[in-house]
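**Q** Here it is, the structure in full.
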Amino acid sequence: MTYHQMEIDPSGRPLKRTGFEAVFAIALLAAWAFLMGGVFNLMGRGEEMAAAIAWPSFSLVGLACLSWWYAEIVVGRWGLIWPGSALGLIGPLSLGYAVALSTPELRMGPFMPRLALISLVAGVMMIPFLFRFRLPGLVSPIMTFTLVGVFLNLYGADMDRLSQVEGFSPRGIVAALMTDPRAILLFGCLAVGAVVMARRLDLAGENFRLAAARPLHLIGGGVLALVAGRLIAMLPHPLDLALFATAWMVSWAWVLRINRVAVLFAMHFALVKPIVFALMDVFGFNLSIADWSLLLVVILIVDMALWPRAHRLSRRLDWTLGPGGLKPPLERPGFLWRYWPYATEKKEEAAA
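Take the sequence shown: its position 88, counting from 1, is numbered 110 in the numbering used here, and each next residue is one higher.
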């Protein structure tokens, strides 16, 4: 098997009818949203909602069981991955709503505790769908929903804490959860575990493991860079700036090794905030929101521009060892190769 034969769909298996699967998955999600709207309309408001004790939860539990049964057909019999992933979201979310609507106190109470309960239950219940139907696309939703539930349980609608969320992603939510050194240590250990597991899955070379490694690499690398940034920011000047520069270069070395450019963006976006704050302390300048946005765009453009050449050099030095433990061809640097004309490719085209 060649390196490029191992390039697979993010679902973990080849897709034969991508358009059909996409429409099917969207239709399932739309049907679920319509059914949920019907349940809430039948429950009514105020006293009517409080009086509807049993049937909403039982109906949603039935919907979750129906989702599992249908996933057995859609994934197991028909091999449709995207619709299966949609069912992997519908079933756990239905169970989350079933728990959140199970008592009058939960139903009539504040919204944030209900949302936290829905998120936690949904995140946990996606795990059986992940392993039973081998749907690695659920890895990132599992982490996101679980972290949202943890965050809301701890802080609710605290606007000061919400302002510390760096985007709706596992790394962004973790950024707001790291309130003390113990939390930093905990998430650092979890991030190291995610990175190690991702690399083990990567080197296995099997489709499901390769696809599951992608979100683990992205989340683990981003959170690990975030933790490193927080720890380095505690150090005095100029030691912190020297270590920030080292962390920036280590991130390059790591992503070139695993051949995953998206992880580079995640790690650099996690490091840029503490680096800029450290520079602000030294040079005494401030950045507006527009300045921050422009800075992130510049980092993205620079990384994308440097990646193909750095990848080519890394490949020549035999440093890059991509998914499956195979070395990518010299003339094809990751997923950007199509947009970067190399002399070797031009020679091949001229010879043809």
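Cβ coordinates follow ideal geometry from the N, Cα and C atoms, glycine included. Bear in mind that the values here come from a model prediction, so they are computed numbers and not experimental data.
1. Let's test the definition: count the other Cβ atoms within 10 Å of the Cβ of R334 and tell me whether it reaches 16, buried, or not, exposed.
2. Hey, could you find the ends of the alpha helix (DSSP H) R337 is sitting in?
3. Mapping DSSP to helix, strand and coil, what is M200?
4. For T342, tell me which candidate among Y119, F305, V324 and W274 has the shortest Cα-Cα distance.
5. Comparing alpha-carbon positions, which option in P126, P135, V45 and V170 lies nearest V146?
6. Given L109, which residues of its chain have a CB within under 7 Å of its CB, disregarding the five upstream and five downstream residues?
7. Using the Cα positions of N308 and F62, report the straight-line distance between them to the nearest angstrom.
8. So, helix, strand or coil for L257, using DSSP?
9. Where does the unbroken alpha helix (DSSP H) through R136 begin, and where does it stop?
10. Taking C-alpha atoms, which residue in A269, A235, S107 and E127 lies nearest to V45?
11. Is G113 closer than 8 Å to F151 when the C-beta atoms are compared?
12. Using the Cα positions of E43 and A264, report the straight-line distance between them to the nearest angstrom.
13. With burial defined as no fewer than 16 other Cβ atoms inside 10 Å of the residue's Cβ, what is the status of W54: buried or exposed?
14. Inspect the CB distances between the region 234 to 241 and the region 284 to 298 and report whether three or more fall short of 8 Å.
15. Suppose the cutoff is 7 Å on Cβ atoms and the five residues either side in sequence are ignored; what does the same chain contact list for A292 look like?
16. When DSSP labels each residue in this structure, what does T125 get in the three-state scheme?
17. Helix, strand or coil for N281, going by three-state DSSP, please let me know.
18. Compute the beta-carbon to beta-carbon distance between L123 and S79, rounded to the nearest angstrom, for a pair I have assumed lies under 8 Å.
19. If we count the other Cβ atoms within 10 Å of its Cβ and call it buried at 16 or more, is D340 buried or exposed?
20. Just mark P296 as buried or exposed, buried being the case when its beta carbon has 16 or more other beta carbons within 10 Å.
**A** If we stick to the structure as given:
1. As a position in the sequence shown, residue 334 is number 312, starting the count at 1. Classification of R334: buried, given that the 10 Å Cβ count is 16 or more.
2. What you label residue 337 is simply residue 315 of the sequence shown in a count that begins at 1. Segment I311 to R338, the alpha helix (DSSP H) holding R337.
3. Start at 1 with the first residue of the sequence shown, and residue 200 comes out as number 178. Correct three-state label for M200: coil.
4. Position 320 of the sequence shown, counted from the start, is the residue given in the question as residue 342. For the residues Y119, F305, V324 and W274, the minimum Cα distance to T342 belongs to W274.
5. Here residue 146 refers to the residue found at position 124 of the sequence shown. It is V170 whose Cα lies nearest to the Cα of V146.
6. Your numbering for residue 109 matches position 87 in the sequence shown. Contacts found: L50, S89, Y92, A93 and V96.
7. For the purposes of this step, residue 308 is taken as the residue at position 286 of the sequence shown. For the purposes of this step, residue 62 is taken as the residue at position 40 of the sequence shown. About 48 Å.
8. To locate residue 257, count along the sequence shown from 1; it is residue 235. Correct three-state label for L257: coil.
9. Residue mapping note: residue 136 aligns to position 114 of the sequence shown, counting from 1. Start and end: F133 to F155.
10. Position 23 of the sequence shown, counting from 1, holds the residue named residue 45. For the residues A269, A235, S107 and E127, the minimum Cα distance to V45 belongs to S107.
11. Locating residue 151 in the sequence shown gives position 129, counting from the first residue. Locating residue 113 in the sequence shown gives position 91, counting from the first residue. Yes; because the gap between Cβ atoms is below 8 Å, this pair is in contact.
12. Counting from 1 along the sequence shown, the entry for residue 43 is found at position 21. Counting from 1 along the sequence shown, the entry for residue 264 is found at position 242. Distance between the alpha carbons of E43 and A264 is about 49 Å.
13. The residue labelled residue 54 in the question sits at position 32 within the sequence shown. By the 10 Å Cβ count, W54 comes out buried.
14. yes
15. Taking the sequence shown and counting its residues from 1, the one referred to as residue 292 is at position 270. Here the set comprises R193, G244, A247, L248 and G251.
16. Position 103 of the sequence shown, counted from the first residue, corresponds to residue 125. In the structure shown, T125 sits in coil (DSSP, three-state: anything other than H, G, I, E or B).
17. Reading the sequence shown from its first residue, position 259 is the one you call residue 281. If DSSP states are grouped into helix, strand and coil, N281 belongs with coil.
18. The sequence position of residue 123 within the sequence shown is 101, counting from 1. The sequence position of residue 79 within the sequence shown is 57, counting from 1. Rounded, the Cβ-Cβ distance is 5 Å, consistent with contact.
19. As a first step, residue 340 must be located in the sequence shown, where it is residue number 318. Classification of D340: exposed, given that the 10 Å Cβ count is below 16.
20. Sequence index remark: in the sequence shown, residue 296 carries index 274 (1-based). Under this definition P296 is a buried residue.
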